[in-house]
Amino acid sequence: MSDFKRIPAVLLSAVMIISLSSCGKNALWAARIDDYEVRSGIFISSQLTSYYDAAEKVSEAMAETETETDPAAAPAAADPTDILNETIDGKPARDWINDEATAKMQEFVAIEKKFGELGLSFENNEVQAAENYITNIWDLYGEAYEEIGISKQSELDITVNNSKKSAIFDYYYGREGEKAISDDEIKQYLYDNFAMIKYIEMPLRDGEENLLKAEGKAEMMVKAEDYLERAENGESFDELIKEFNAFYEEFTAPEEPAAEIGGTADVNEAETGGTADMNQDDTVTDEEGASETTEEQEVDNSVVISKDAALPNQAVVDKIFGGEAEIGDFFIVEQDEVYYVVSFLDILSRENYLEDNDSAVRHSLKDEEFNAAVSEWTSTQNVVRNDVSYKRYKVEKLLEE
């Protein structure tokens with residue numbers, strides 16, 4: 000499926016909408032857009048997507064209202080059966096959903112047309128991938144789709160259309176595109192919005208979750224400063240993380256009762272001896288006679304954090320993205336209930352990170368511009384709605400079990 004955000008509905012007042020009551024009994028198509036006749040299955044699928052968009056907008060409005068009256072209230076979710084009684088953007092929900100569905104059909108046609116105009120073709124078996132995807136979906140939900148009037152072919156056409164949209168975007172904004180974004184712009188976007196760090200999280204609580212007293216916090220700070228100094232002197236930060244984790248596990252472990260003496264100890268001794276003998280006999284050696292051991296896998300403790308997320312902690316994020324730290328720095332962040340020792344790494348040093356995120360960054364930078372262009376393509380279309388289909392395929396049918 001496409002990674003694009005949904006295109007906002009074009010202003011239908013700018014489009015020529017003609018009702019066809021005379022088309023009478025033909026509900027196989029929902030609209031003629033320019034010279035393209037859009038099947039009703041694509042319309043119903045677009046209705047379904049628009050219904051979910053409506054539900055999201057209604058839920059957001061409800062949450063905003065509840066937050067104003069009760070800031071501590073949990074986000075509300077709209078009741079599916081009530082959504083159609085709401086007003087969205089000044090329209091009855093049913094009309095809003097149908098207008099959005101119409102706009103989605105317009106975009107579908109605009110993408111089909113532009114893909115042909117640009118002489119584009121698929122290079123990575125996109126059609127086969129779409130067929131495989133829809134086949135899997137149909138195995139699970141095909142009956143439900145067909146009950147509301149959506150055929151497998153309609154869903155396949157929509158999925159392939161999404162791939163065409165992606166190909167058009169790449170034609171303009173891809174690495175070799177007409178309006179290509181430079182690698183320097185992509186790197187700067189990554190540096191501005193993401194960072195890679197390693198960190199030691201040092202909770203200021205004991206094994207019973209009690210907050211440490213001043214003396215305990217001071218001792219933990221001494222440990223944090225020791226880790227900081229050792230990191231600055233070149234010790235492996237991964238080993239420092241491992242060291243602290245072992246310390247804290249022992250620090251918070253419940254005290255074990257004193258070992259019993261007498262018969263139990265004798266039994267344990269006997270068992271221990273027997274086990275030791277068995278292990279010794281079963282030891283596997285290599286050609287040089289050394290015992291075979293399993294090497295501990297090296298753990299990569301680096302994590303990518305975002306400017307827009309308070310992870311691992313807002314204070315850490317603020318220090319990184321507020322310009323108080325530079326790549327290569329080590330620093331301590333002190334909070335009331337936790338200390339962090341942080342290593343600020345170069346995010347582009349992670350293998351293939353730039354290549355793996357190239358497309359996502361291009362979309363972040365250019366989706367708005369591209370969506371505006373798509374809206375422009377739809378604004379001059381001649382749109383003829385088939386009233387028979389719009390009346391037959393009512394939004395309420397999407398809610399029927």
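In terms of numbering that gives the first Met the number 0, the sequence shown has 115 at position 116, counting the first letter as 1, and numbering is strictly consecutive.
A virtual CB, placed ideally from N, CA and C, is assigned to each residue, including glycine.
With H, G and I counted as helix, E and B as strand and the rest as coil, what does DSSP make of residue 302?
For the purposes of this step, residue 302 is identified with residue 303 of the sequence shown, where counting begins at 1. Correct three-state label for residue 302: strand.
So, with DSSP's three-state summary, where would you put residue 86?
By 1-based counting over the sequence shown, the position of residue 86 is 87. Here residue 86 sits in strand by DSSP.
When you compare each of 40, 231 and 28 to residue 146 by their alpha carbons, which one comes out closest?
In the sequence shown, the residue the question calls residue 146 occupies position 147. Looking at the Cα atoms, 40 is the closest of the given residues.
C-alpha distance - residue 205 paired with residue 43, whole-angstrom precision
For the purposes of this step, residue 205 is taken as residue 206 along the sequence shown, with counting starting at 1. For the purposes of this step, residue 43 is taken as residue 44 along the sequence shown, with counting starting at 1. Here the alpha carbon of residue 205 sits roughly 58 Å from the alpha carbon of residue 43.
For residue 115 and residue 122, what's the separation of their Cα atoms in angstroms?
The sequence position of residue 115 within the sequence shown is 116, counting from 1. The sequence position of residue 122 within the sequence shown is 123, counting from 1. So the alpha carbons of these two residues sit roughly 15 Å apart.
Does residue 282 pass the burial test, meaning 16 or more other C-beta atoms within 10 Å, or should it be called exposed?
Here residue 282 refers to the residue found at position 283 of the sequence shown. For residue 282, the pLDDT reaches just 40, beneath the cut-off of 50, and the residue's location in the model is therefore unreliable, although a value from the coordinates is still provided. When all chains shown are included, residue 282 counts as exposed.
Taking residue 26 and residue 387 to be in contact with their CB atoms under 8 Å, please state how far apart those CB atoms are, rounded to whole angstroms.
To locate residue 26, count along the sequence shown from 1; it is residue 27. To locate residue 387, count along the sequence shown from 1; it is residue 388. Their Cβ separation, rounded to whole angstroms, is 5 Å, which keeps residue 26 and residue 387 in contact under 8 Å.
For the beta strand (DSSP E) that contains residue 197, what are its first and last residues?
In the sequence shown, the residue the question calls residue 197 occupies position 198. Per DSSP, residue 197 belongs to the beta strand (DSSP E) from 193-202.
Residue of 243, 340, 226 and 129 minimising C-alpha distance to residue 311
Within the sequence shown, numbered from 1, the residue matching residue 311 stands at position 312. Nearest C-alpha to residue 311: 340.
Are the segment 124-143 and the segment 153-161 in contact at 8 Å, needing three or more beta carbon pairs?
Touching, per the Cβ criterion.
Report the rounded CA-to-CA distance for residue 198 versus residue 249, giving the unit in angstroms.
Looking up residue 198 in the sequence shown gives position 199. Looking up residue 249 in the sequence shown gives position 250. Cα to Cα, residue 198 sits roughly 20 Å from residue 249.
Can the beta-carbon of residue 172 be found closer than 8 Å to that of residue 365?
Residue mapping note: residue 172 aligns to position 173 of the sequence shown, counting from 1. Residue mapping note: residue 365 aligns to position 366 of the sequence shown, counting from 1. Yes, these two residues count as a Cβ contact at 8 Å.
If you run the structure through DSSP and keep just helix, strand and coil, what is residue 213?
Indexing the sequence shown from 1 puts residue 213 at position 214. In the three-state reduction of the DSSP assignment, residue 213 falls in the helix class.
Let's test the definition: count the other Cβ atoms within 10 Å of the Cβ of residue 347 and tell me whether it reaches 16, buried, or not, exposed.
The residue given as residue 347 occupies position 348 in the sequence shown. Around the beta carbon of residue 347, fewer than 16 other beta carbons sit within 10 angstroms, so the residue counts as exposed.
Close-in-space but distant-in-sequence residues of the same chain around residue 237 (CB under 6 Å, 5 per side omitted)
For the purposes of this step, residue 237 is identified with residue 238 of the sequence shown, where counting begins at 1. For residue 237, where only same-chain residues beyond five positions count, the Cβ hits under 6 Å are 300.
Considering only the alpha carbon of each residue, which of 48, 367 and 349 lies closest to residue 144?
For the purposes of this step, residue 144 is identified with residue 145 of the sequence shown, where counting begins at 1. Ranking the options by Cα distance to residue 144, first place goes to 48.
Could you name the residues of the same chain whose beta carbon sits closer than 6 Å to that of residue 31, not counting the 5 residues immediately before and after it, in chain order?
In the sequence shown, the residue the question calls residue 31 occupies position 32. Leaving aside the five residues that flank residue 31 on each side, the residues in its chain whose CB is nearer than 6 Å to its CB run, in chain order, 383.
With 16 other Cβ atoms within 10 Å as the buried cut-off, status of residue 392:
What you label residue 392 is simply residue 393 of the sequence shown in a count that begins at 1. So residue 392 counts as buried.
From residue 313 to residue 149, what does the alpha carbon distance come to, in whole angstroms?
The residue you call residue 313 lines up with position 314 of the sequence shown. The residue you call residue 149 lines up with position 150 of the sequence shown. About 46 Å.
What is the residue span of the beta strand (DSSP E) that residue 331 lies within?
In the sequence shown, counting from the first residue as 1, residue 331 sits at position 332. Per DSSP, residue 331 belongs to the beta strand (DSSP E) from 329-333.
Rank 162, 222 and 54 by C-alpha distance to the C-alpha of residue 93 and give the top, closest one.
If you number the sequence shown from 1, residue 93 lands on position 94. Checked all of 162, 222 and 54; the closest Cα to residue 93 is 54.
Please go through the segment 149-178 and give each complete beta strand (DSSP E) segment of 3 or more residues, from N-terminal end onward.
Whole beta strand (DSSP E) segments, 3+ residues: zero.
How would you label residue 105, buried or exposed, when you count the other beta carbons within 10 angstroms and need 16 or more for buried?
Sequence index remark: in the sequence shown, residue 105 carries index 106 (1-based). Classification for residue 105: buried.
Residue 401, DSSP secondary structure in three states:
Any answer about residue 401 is impossible in this case: the structure gives the chain only from 0 up to 400.
Touch test, the segment 182-196 against the segment 159-169, Cβ-Cβ under 8 Å, three pairs minimum
Contact fails: fewer than three Cβ-Cβ distances are below 8 Å.
Assuming residue 384 is part of the beta strand (DSSP E), what are its boundary residues?
Residue 384 sits at position 385 when you count from the first residue of the sequence shown. Counting along the chain, the beta strand (DSSP E) containing residue 384 begins and ends at 381-384.
Name the residue from 389, 394, 379 and 395 whose alpha carbon lies nearest to the alpha carbon of residue 34.
Translated into positions along the sequence shown, residue 34 becomes position 35. Of the candidates 389, 394, 379 and 395, the one whose C-alpha sits nearest the C-alpha of residue 34 is 379.
How big is the Cα-Cα spacing for residue 91 and residue 191?
Counting from one through the sequence shown, the residue named residue 91 turns up at place 92. Counting from one through the sequence shown, the residue named residue 191 turns up at place 192. Their Cα atoms are separated by approximately 42 Å.
Check whether the Cβ atoms of residue 319 and residue 194 sit closer than 8 Å, and answer yes or no.
Position 320 of the sequence shown, counting from 1, holds the residue named residue 319. Position 195 of the sequence shown, counting from 1, holds the residue named residue 194. In contact: residue 319 and residue 194 (Cβ atoms closer than 8 Å).
Residue from 315, 394 and 57 with nearest C-alpha to residue 100
Sequence index remark: in the sequence shown, residue 100 carries index 101 (1-based). The shortest C-alpha separation from residue 100 is found at 394.
Quick one, are the C-beta atoms of residue 239 and residue 247 less than 8 Å apart?
If you number the sequence shown from 1, residue 239 lands on position 240. If you number the sequence shown from 1, residue 247 lands on position 248. No, the Cβ-Cβ distance between residue 239 and residue 247 is not below 8 Å.
With H, G and I counted as helix, E and B as strand and the rest as coil, what does DSSP make of residue 130?
Along the sequence shown, read from residue 1 onward, the residue named residue 130 stands at position 131. Three-state DSSP puts residue 130 in a helix.
Within a Cβ cutoff of 8 Å, which residues of the same chain sit near residue 202, ignoring the five residues on either side of it in sequence?
As a first step, residue 202 must be located in the sequence shown, where it is residue number 203. Taking residue 202 as the centre and dropping the five residues before and after it, the same chain places the C-beta of 247, 336 and 337 closer than 8 Å to its C-beta, in chain order.
Alpha-carbon to alpha-carbon, residue 325 and residue 87:
Start at 1 with the first residue of the sequence shown, and residue 87 comes out as number 88. Start at 1 with the first residue of the sequence shown, and residue 325 comes out as number 326. Going by the C-alpha atoms only, they are around 47 Å apart.
For residue 117, which option in 141, 56, 177 and 142 has the closest C-alpha, if you only look at C-alpha atoms?
Looking up residue 117 in the sequence shown gives position 118. Nearest C-alpha to residue 117: 177.
Does the distance from the C-beta atom of residue 305 to that of residue 196 stay below 8 Å?
Position 306 of the sequence shown, counted from the first residue, corresponds to residue 305. Position 197 of the sequence shown, counted from the first residue, corresponds to residue 196. With respect to the 8 Å criterion, residue 305 and residue 196 are not classified as neighbours on the basis of their beta carbons.
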